[in-house]
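J.:
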Amino acid sequence: MFLSFFPDCGVQETATQRIVGGAHSVEGEWPWQASLQVRGHHLCGGTLIADRWVITAAHCPTSKILQKVDVQLVQQDICSEAYHYQVSPRMLCAGYQEGKKDSCQVTLSTVTYLLHLHPKLLCG
Numbered sequence: 001m002f003l004s005f006f007p008d009c010g011v012q013e014t015a016t017q018r019i020v021g022g023a024h025s026v027e028g029e030w031p032w033q034a035s036l037q038v039r040g041h042h043l044c045g046g047t048l049i050a051d052r053w054v055i056t057a058a059h060c061p062t063s064k065i066l067q068k069v070d071v072q073l074v075q076q077d078i079c080s081e082a083y084h085y086q087v088s089p090r091m092l093c094a095g096y097q098e099g100k101k102d103s104c105q106v107t108l109s110t111v112t113y114l115l116h117l118h119p120k121l122l123c124g
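Mapped onto the UniProt record's numbering, the consecutive letters of the sequence shown carry residue numbers 1 to 124.
1. For residue 125, which residues in the same chain have their Cβ closer than 6 Å to its Cβ, ignoring the five residues on either side in sequence?
2. Relative to the alpha-carbon of Trp106, which residue among Gly28, Ala34 and Ser25 has its alpha-carbon at the smallest distance?
3. Between the alpha carbons of Ser109 and Lys100, how many angstroms are there, rounded?
4. Can you check DSSP and say which residues form a bridge with Ile55?
5. Based on Cα-Cα distance, which residue from Gly40, Ala58 and Val26 lies nearest to Tyr85?
6. Please identify the residue among Leu92, Ala57 and Val87 whose C-alpha is closest to the C-alpha of Glu98.
7. Looking only at C-alpha atoms, which of Leu73, Arg52, Asp70 and Leu43 sits nearest to Leu92?
8. Among residues of its own chain, excluding the 5 on either side of Ile59, which ones have a beta-carbon nearer than 7 Å to its beta-carbon?
9. Given that a residue counts as buried once 16 or more other Cβ atoms are within 10 Å of its Cβ, and exposed if not, what is Val111?
10. Can you tell me where the beta strand (DSSP E) holding Gln97 begins and where it ends?
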């Protein structure tokens, strides 16, 4: 019943080509997309799921490197201007197991939602 309020939950809006490899995206097309970076270099992608949480692959940020990670949100491409958020030293990982478990939640300083920045609606 809850999902009836969100008929598009979990459904891709239109068939698109992958952005991986350099395809240009329109500003605001991916308002939940995050880039986890170390010293300005992309480490891995993530998805904003709440005002303080980004979910990413558990094999990507280790607790040692997490102290150096900066998260960028609201960027049209990897080189454009973006909002930067510091990562809390806390992360919740399900315990990485290749082929089975590969998710990790990273805590951010509080994110203020903007026109082109809001979390991805996850289905329960």
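Idealized CB from N, CA, C, for every residue including glycine.
T.: Working from what's here:
1. The structure shown does not extend to residue 125, since the chain is modelled only from 1 through 124, so no value can be given for it.
2. For the sequence presented, residue 106 should be read as Val rather than Trp. Of the listed residues, the one whose Cα sits closest to Val106 is Ala34.
3. 29 Å
4. Thr47 and Gln105
5. Gly40
6. Ala57
7. Arg52
8. Inspection of the sequence shows that residue 59 is occupied by His rather than by Ile. Tyr96 and Asp102.
9. buried
10. Note, Gln97: premise wrong, no beta strand (DSSP E); not H, not E.
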